[in-house]
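Asks: First the structure, which I've put down as structure tokens, then a few questions once you've had a look.
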Amino acid sequence: MSQRILQKSHQAKIFGTLERPRLSVFRSNRHIYAQIIDDTKGVTLASASDFQISNIKGTKQEIARAVGRLLGGKAMKKKIKKVVFDRGKFRYHGRVKALAEGAREAGLIF
Numbered sequence: 120m121s122q123r124i125l126q127k128s129h130q131a132k133i134f135g136t137l138e139r140p141r142l143s144v145f146r147s148n149r150h151i152y153a154q155i156i157d158d159t160k161g162v163t164l165a166s167a168s169d170f171q172i173s174n175i176k177g178t179k180q181e182i183a184r185a186v187g188r189l190l191g192g193k194a195m196k197k198k199i200k201k202v203v204f205d206r207g208k209f210r211y212h213g214r215v216k217a218l219a220e221g222a223r224e225a226g227l228i229f
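If you count the sequence shown from 1, position 4 lands on 123 in the numbering used here, and the numbers rise without skipping.
This is the structure:
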């Protein structure tokens, strides 16, 4: 199966609402991005990437954890506490797992 079909079949099962928006993760070979999305309106409520934390040096997993903490902090400021985690086509391992742990450290519940 192609990556696109896997992603679409996975995304069809995960839907974010205003009460519990979707935390979507994308990673490339060099960078990691995350955003909190309200799928009912199609609006991004908060986003974070490793471009926003250029002062942190370390492994890719350490940077991913910092991105998760940053996104969690932005979500808390907007009074978002519960989210649905959408890992997309990526396994829950390595940088994706580190980002999720960082978001939990910041106070997000999923």
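Where a beta carbon is used, it is the ideal one built from N, C-alpha and C, also for glycine.
1) Less than 8 Å between the C-beta atoms of M195 and G221, yes or no?
2) I need the straight-line Cα distance from D158 to K201, nearest angstrom please.
3) What does a CB cutoff of less than 7 Å around R146 pick up in its chain, not counting 5 residues either side in sequence?
4) When you compare the CB positions of V186 and G135, do they come within less than 8 Å of one another, or not?
5) Report yes if the C-beta distance between K193 and A167 is below 8 Å; otherwise report no.
6) Drop a sphere of 10 angstroms on the beta-carbon of I151, count the other beta-carbons inside from all chains shown, and report buried for 16 or more, exposed for fewer.
7) Locate the beta strand (DSSP E) running through L142, then write down its first and last residues.
8) Can you have a look at V144 and say buried or exposed, based on whether 16 or more other CB atoms are within 10 angstroms of its CB?
9) Where does the unbroken alpha helix (DSSP H) through A225 begin, and where does it stop?
10) Which first and last residues belong to the beta strand (DSSP E) in which L164 is found?
Replies: From the atom records:
1) no
2) 15 Å
3) F209, R214 and V215
4) no
5) yes
6) buried
7) R141 to R146
8) buried
9) Note, A225: premise wrong, no alpha helix (DSSP H); not H, not E.
10) V162 to S168
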